[in-house]
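Worksheet for the structure shown next.
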Amino acid sequence: MRKHTYALGGAGLLLSVSMLAIPAQELTGELPDPPEFAAQSEPNFVSVGDILEFKALPEYHEPDWVTSKYVDEGKLPPVAERLPKEPLVYKTANMPDGVGVYGDTMRHVIGGRPEGWNYIGGQSQGWGGIDIGLSECLTRTGPLFQVKADELEPLPNLAKSWEWSEDGHELTMHLIEGAKWSDGDPFDAEDVMFYWNDNVLDSNVSPLNGATPETFGEGTTLEQVDPYTIKWTFKEAFPKQYLYAMAYGTFCPGPSHILKPEHPKYSDNTYEQYKNAFPPEYMNMPVMGAWVPVEYRPDDIIVMRRNPYYWKVDEEGNQLPYLNEMHYRLSTWADRDVQAVAGSGDFSNLEQAESYVESLRRSAEDSAPARLQFGARTIGYALRMNLSGNGWGDPDEREQAVRELNRNLDFRKAVTIAVDRQRLGESLVRGPFTAIYPGGLYAGTAFYDKASTVYYPFNLDAAKSLLDGLDLKDTDGNGIRNFPEGTAGGADVEITLLANTDYGTDTNLAEGVIAMMEPLGIRVIANFQSGTARDDMSQAGQFDWSVERQGSEMVSVVQNTATLAPTGPRTSYFHRAGTDGTVDLLPFEQELVDVVNKFIATSDNAERVELMKQYQKIYTENVYSVGLTQYPGALIINKRFANVPAGTPIFMFNWAEDSVMRERLYVPEDKQGNYELFPETLPGEPGGEGPA
Ligand code: GLA
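So the sequence shown is numbered by this note's numbering: it starts at 6 and just counts up by one.
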């Protein structure tokens, strides 16, 4: 019966463009429930205080060889002197297999390549957990998947405690005292202030993952009170939400003693030179993380050795990490799955649905070297349209015409109903994995509300009518619609689609979208780029459309919250400020911004639930992004590792590399492999060679 409305076809020509607008309810439909798919293991829910505390212990230990080869030789101070006054102590009761033993290696495989070590200057290290392991942040969120929902608050980390002023506008944080960078230089408020003043606030620097001043609310200031105390001042009262933004990757300070001398404010360097001052060949970059890079062979491997100054211990006073070495094989993401399943790698986030069936089959065998455990559906892809109409990314005439279309609701509706999500999901993998994803928050996550989700089912005829109504007709009979006369010279409607070639799933989904736009009369042209190039183009606004795997904001909401809407000039991934510095928000985007800001400003849970219902409604009704598919991921870890927390999701508050707390993982002695490439050695001088 709905067909009837669109059977108008030629008769529509008699109607004016505006009369052709199709009432929204005609296009909406019942959203099918995702196929039943139970997570394979559940977390043991605990309080933050059950996981860790900060305190001095009567004695401390380290691997014997560190004592005999380094401390006894006078090359390193004793372990007690290398540790902070009160180290971070992991509680035994929360360690699934208890206190561990030293030794062995975790062999990662990654698909990215390191640009260099200046993480806060905006360089990627190639992902897959490298930067997560090198950078420690004021707070920590990955392990929160196991914290009771009503006690949810980020874990203390470099900030070991904090308190709010009575009026809630000031947050005083106490930094861990006496902790040191991996080269022995003290960590203190100077590192924090250098990160904030000269990297976050300096708009010439784009720290990775997009930390900007707005991430912490407009008008927010940060000052040093003393070497171990910092004070935030917010316009809002009690914006506890920002504690999440102080975790990975938006508040992880870098080593100021090495970085500052290269920063343009303190040197003759340009910003480009600052960013690139620590190329991948630069070894022993000082870190606060558990392992330090000591060897780099291009397109082959990055090796890291234990950080002798790491500031976390177990309850018996054993300095962490337990694992002496970390490998990052420089290969492909697909190879990461293959190697983890085969046992030549140790870890993978199984996230490319195309390889699920094969990986499952091989992991089911008793002799399989790795365990594979599926979690909830937290991997999701969307088609994002560049919504800037005022110059972000410097569009030419055609691009500007596309931006205008992107900003038109009927156009976005036409695109969304031209996507056959069922078919798209099945093209990746058959079975109960993929679910129809209409956009917005993911089904099955805490803030999702089905009743607030507007779903526009596949309806190609209606999509065509909508485009007719926009006066996009195929005037030259070549099968492609043309822009109206006077727009982009009445040319064919051609749209470029940015996608990441590092992942088969990204390009497969993008190919699917391209194919599905064809019967609609829109020519979508693939702009497929390597991960690094893609990220750069995306950050610079140089795209019409982009198919992307989305961030944790769509899963947890409380992480990266500011990116849920264009709350600031640079917070959104697909709508940033134009040439005049302002974001030309559409009316519904303004509504999204208001909702998100209210969410950030309140800690009242009932109110937050209500606000996210509004968010979901506004988002999906207006097709803020075109949802594509949503599916579960599986964590693959070699069976020899102990202390892997039950129910660790590959992606929730952060990636599994953070959530499993790698510094606490260990390999029982009888299972240890012979994988260390640089046994019984520690990192050397910054910039110097790796172990001989
Ligand atoms: C990449 C991988 C993810 C995860 C992250 C960690 O994005 O695809 O599975 O390992 O890196 O940053």
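Glycine residues also receive a C-beta, built at the ideal position from the N, C-alpha and C atoms.
Where the alpha helix (DSSP H) through residue i begins and ends
i, result
"N610", "610 to 626"
"L338", "Going by the sequence as given, residue 338 is Trp instead of Leu. First-last of the alpha helix (DSSP H) with W338: 338 to 347."
"V362", "361 to 369"
"S52", "Careful: S52 lies outside any alpha helix (DSSP H) and carries neither H nor E."
"Q405", "402 to 411"
"A601", "The sequence shown places Val at residue 601, rather than the Ala named in the question. Start and end: 592 to 606."
"N214", "Unbroken run through N214: none, as it is neither H nor E."
"L88", "Careful: L88 lies outside any alpha helix (DSSP H) and carries neither H nor E."
"F416", "414 to 422"
"Q229", "Segment 226 to 231 is the beta strand (DSSP E) holding Q229; no alpha helix (DSSP H) there."
"A250", "247 to 250"
"L325", "That residue, L325, is in no alpha helix (DSSP H); it is neither H nor E in DSSP."
"L433", "426 to 433"
"M522", "509 to 522"
"D663", "661 to 664"
Bridge-paired residues (DSSP) for residue i
i, result
"M309", "P298, M331"
"D319", "Y95"
"N643", "A375"
"E141", "The partner list for E141 (beta bridge, DSSP) is empty, contrary to what the question assumes."
"H262", "Its beta-bridge partners do not exist; DSSP assigns none."
"R554", "Y386"
"E464", "First, the residue type needs correcting, since residue 464 is Asn and not Glu in the sequence shown. None, per the DSSP bridge assignment."
"A164", "L180"
"V761", "Here the chain has residues from 6 to 697 only, and residue 761 is not among them."
"W169", "L176"
"W70", "Paired residues: none, contrary to the question."
"P191", "K185"
Residue range of the unbroken beta strand (DSSP E) whose run includes residue i
i, result
"I115", "110 to 115"
"Y636", "631 to 636"
"K60", "From DSSP, K60 is part of no beta strand (DSSP E); its letter is neither H nor E."
"V529", "528 to 534"
"I384", "384 to 390"
"T234", "234 to 238"
"V197", "Where V197 is concerned, there is no enclosing beta strand (DSSP E), although the alpha helix (DSSP H) it sits in stretches over 194 to 200."
"L502", "499 to 505"
"S353", "352 to 355"
Beta carbon of residue i nearer than 8 Å to that of residue j
i, j, result
"T255", "T226", "no"
"G34", "G138", "no"
"T458", "L36", "yes"
"P212", "I125", "yes"
"Q151", "P650", "yes"
"A419", "L355", "no"
"T177", "W167", "yes"
"M111", "D351", "yes"
"Y276", "V210", "yes"
"S336", "V114", "yes"
"A194", "L206", "no"
"G430", "T634", "yes"
"K240", "E228", "no"
"D196", "S261", "yes"
"R554", "Y386", "yes"
"P654", "A647", "no"
"E86", "F59", "no"
"F533", "S551", "no"
"G396", "A545", "no"
"P623", "F656", "It is Ile, not Pro, that sits at residue 623 in the sequence shown. No, the Cβ-Cβ distance between I623 and F656 is not below 8 Å."
"L377", "A43", "no"
Cβ separation of residue i and residue j, assumed to be a contact under 8 Å, to the nearest whole Å
i, j, result
"F379", "I422", "About 31 Å separates the two Cβ atoms, so there is no contact after all."
"T625", "V601", "In fact, because the Cβ distance is near 15 Å, the residues do not count as touching under 8 Å."
"P298", "P691", "Rounded, the Cβ-Cβ distance is 11 Å, inconsistent with contact."
"E359", "T506", "Incorrect: roughly 14 Å between the Cβ atoms, too far for contact."
"K280", "Q128", "6 Å"
"R412", "L143", "In fact, because the Cβ distance is near 38 Å, the residues do not count as touching under 8 Å."
"Y314", "G108", "Wrong, their Cβ atoms sit about 20 Å apart, outside the cutoff."
"D609", "Y253", "Wrong, their Cβ atoms sit about 27 Å apart, outside the cutoff."
"L475", "D415", "6 Å"
"F488", "G495", "6 Å"
"F658", "G215", "Incorrect: roughly 17 Å between the Cβ atoms, too far for contact."
"T450", "V560", "5 Å"
"M521", "V424", "5 Å"
"L264", "N123", "7 Å"
Can you list, in chain order, every residue whose CB sits closer than 6 Å to a heavy atom of ligand 1?
W132, G133, G134, I137, W338, N354, E356, W660, E662
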